[in-house]
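Input: a single structure, listed below in structure tokens.
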Amino acid sequence: MKDQKNNLPLHPAYLKNLREESGHTDDTIREAGIYSVPPADINKELGVNFPSVESAMAIPFRHVDGFKRFRLFPDSDKHPRYYQKKVQGITFTYLRESNPS
236 MKDQKNNLPL HPAYLKNLRE ESGHTDDTIR EAGIYSVPPA DINKELGVNF PSVESAMAIP
296 FRHVDGFKRF RLFPDSDKHP RYYQKKVQGI TFTYLRESNP S
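Numbering-wise (our numbering), the sequence shown opens with residue 236 and increments by one.
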């Protein structure tokens with residue numbers, strides 16, 4: 236799903252969360268490469284099957300080749316809120332503002 240107004244590849248609920256709860260601008264979201272994972276691709280992208288996951292948002296880390304962290308939806312005690320492949324190790328999450336004021 237895409238936000239047509241800003242050409243962001245995100246489900247409207249994810250976009251709202253990133254803007255309102257996290258305070259990110261559309262430019263920051265675009266530059267970070269965050270996108271909604273199509274439902275048919277969730278298990279392939281995650282490399283694991285969480286039957287309770289209905290949708291996912293991918294958060295790529297461009298400074299770490301191929302590394303992605305996933306925000307899983309809906310919130311549930313049947314799966315983690317965030318997931319990353321075990322072979323990828325640990326990294327820090329941050330988004331920089333493209334035009335800090």
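Every residue, glycine too, gets a C-beta built ideally from N, C-alpha and C.
- Counting C-beta pairs with one atom in each stretch, the stretch 278–291 and the stretch 259–267 have fewer than three that are closer than 8 Å, which means they do not touch.
- DSSP places P247 in the helix class (H, G or I) of the three-state scheme.
- Contact check for S271 and S290: beta-carbon distance about 7 Å, within the 8 Å limit, so the pair qualifies.
- Residue nearest to K321 within the set S287, R297, F305 is F305 (criterion: CA-CA distance).
- Per DSSP, I269 is not a residue of any alpha helix (DSSP H), being assigned neither H nor E.
- Excluding residues up to 5 positions away in sequence, nothing lies with its Cβ nearer than 6 Å to the Cβ of P247 in the same chain.
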